[in-house]
Amino acid sequence: MAIPIPSESNFPKARFGLSYLSETMGEILKWSTFKIHCEPLEGDASDRCYFRVSQNNSELHGTQSKKNPSSLIIMQLEKPVRDMEINFTRVLKFLRKLDLPTPELFYYDISKGLLFLEDCGTMTLGDQLNAFPQNKAQLYRQAIELLVKMQSRATYSIDSTCPAYHLKFDIEKLMLEFDFMLDRYVVEFCDSPLESLARKELGKAFI
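Each residue of the sequence shown is one higher than the one before, starting from 193 at the first, in the working numbering.
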């Protein structure tokens with residue numbers, strides 16, 4: 193259920209409050225400033241935070257017009273980046289050129305590190321499979337076809353303007369992801385702090 197924003201402090205990790213949302217949503221989407229609700233969402237495996245903002249308490253998120261949505265997602269970067277372009281927006285543009293499905297970017301507040309994105313709803317592929325088991329073959333076929341399109345088109349078209357062009361999954365990247373897992377999953381989520389020696393021994397096992 194959507195939670196009305198009770199005060200300017202909003203949620204502990206949010207860099208915005210009610211007045212900011214009211215003003216911003218009124219400007220970019222002409223929303224009524226008296227019917228705005230916000231709720232924090234479970235994040236992904238990154239330092240970003242996510243929030244769903246809506247005009248009302250309807251649970252039909254993601255079913256509205258793409259150009260005139262009744263809800264959207266705020267992606268909050270770990271910290272603001274003083275740049276008109278970030279890796280997220282660069283990859284977004286790259287995928288759009290390949291005619292691949294991407295979320296709409298309504299607004300990017302550079303100073304606050306907030307991206308206002310299309311709300312694609314709450315139903316996952318797993319939800320679809322559970323709700324419509326008779327469509328399992330069709331759903332998996334569509335998913336695989338999309339993956340093939342993404343892989344083949346990106347491989348053919350990628351150049352230095354795409355951030356992924358310069359990346360490789362080497363030992364440095366492996367250990368970066370490994371350390372992130374230890375910090376966010378083992379220490380924070382599982383509440384199991386690691387001694388420096390144990391952490392070092394674990395790292396050696398992966399090299």
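For glycine and all other residues, C-beta sits at the position ideal for the given N, C-alpha and C.
Is F381 near the ligand FMN, in the sense that its beta carbon is under 7 Å from a heavy atom of that ligand? This structure lacks the ligand FMN, and indeed carries no ligand of any kind.
Where R274 falls, given that 16 or more other Cβ within 10 Å makes a residue buried: Flag for R274 reads exposed.
What residue range does the beta strand (DSSP E) around V245 cover? Note, V245: beta strand (DSSP E), 241-246.
Identify, in the order they occur along the chain, each residue of the same chain with its Cβ nearer than 6 Å to the Cβ of N279, setting aside the five sequence neighbours on each side. P355, listed in sequence order.
First and last residue of the uninterrupted beta strand (DSSP E) at D301: Its beta strand (DSSP E) spans residues 297-301.
Just the C-alpha distance for Y332 and S388, rounded to the nearest angstrom, thanks. Straight-line spacing of the CA atoms in Y332 and S388 works out to 44 Å.
Here's the rule I'm using: 16 or more other beta-carbon atoms within 10 Å means buried, otherwise exposed. How should A206 be labelled? The residue is buried, with at least 16 neighbouring Cβ atoms inside 10 Å.
Per DSSP, what are the beta-bridge partners of P232 in this structure? Answer by DSSP bridge pairing, in chain order: F243.
For K222 and D371, the rounded distance between their alpha carbons: Whole-angstrom Cα-Cα distance: 43 Å.
Let me know the secondary structure DSSP gives L287 once reduced to three states. In the structure shown, the three-state DSSP call for L287 is helix.
For the candidate residues C230, Q334, G209, L210, whose alpha-carbon lies nearest to that of P293? When C230, Q334, G209, L210 are compared, the shortest CA-CA separation from P293 is found for Q334.
Looking at C-alpha atoms only, which residue of L307, P232, V283, P272 is the closest neighbour of T216? Here the closest residue by C-alpha is L307.
Tell me, please, which residues DSSP counts as bridged to Q268. Beta-bridge pairing links Q268 to C241, L306.
Look at A346 and L290 and say whether their C-beta atoms are less than 8 Å apart. Yes, the Cβ-Cβ distance between A346 and L290 is below 8 Å.
Residues in its own chain within less than 7 Å of I399 by CB, not counting five upstream and five downstream? I363.
Residue from M342, L394, Y348 whose Cα sits closest to the Cα of L366: Nearest C-alpha to L366 among M342, L394, Y348: L394.
Take S238 as the anchor and find which of Q268, Y348, S214 has the nearest alpha-carbon. Of the candidates Q268, Y348, S214, the residue whose Cα lies closest to the Cα of S238 is Q268.
Below 7 Å CB to CB, which residues in the same chain sit around L386 once its five sequence neighbours on both sides are set aside? Non-local C-beta neighbours of L386 in its own chain, meaning closer than 7 Å and more than five positions away in sequence, comprise L374, V378, V379, ordered along the chain.
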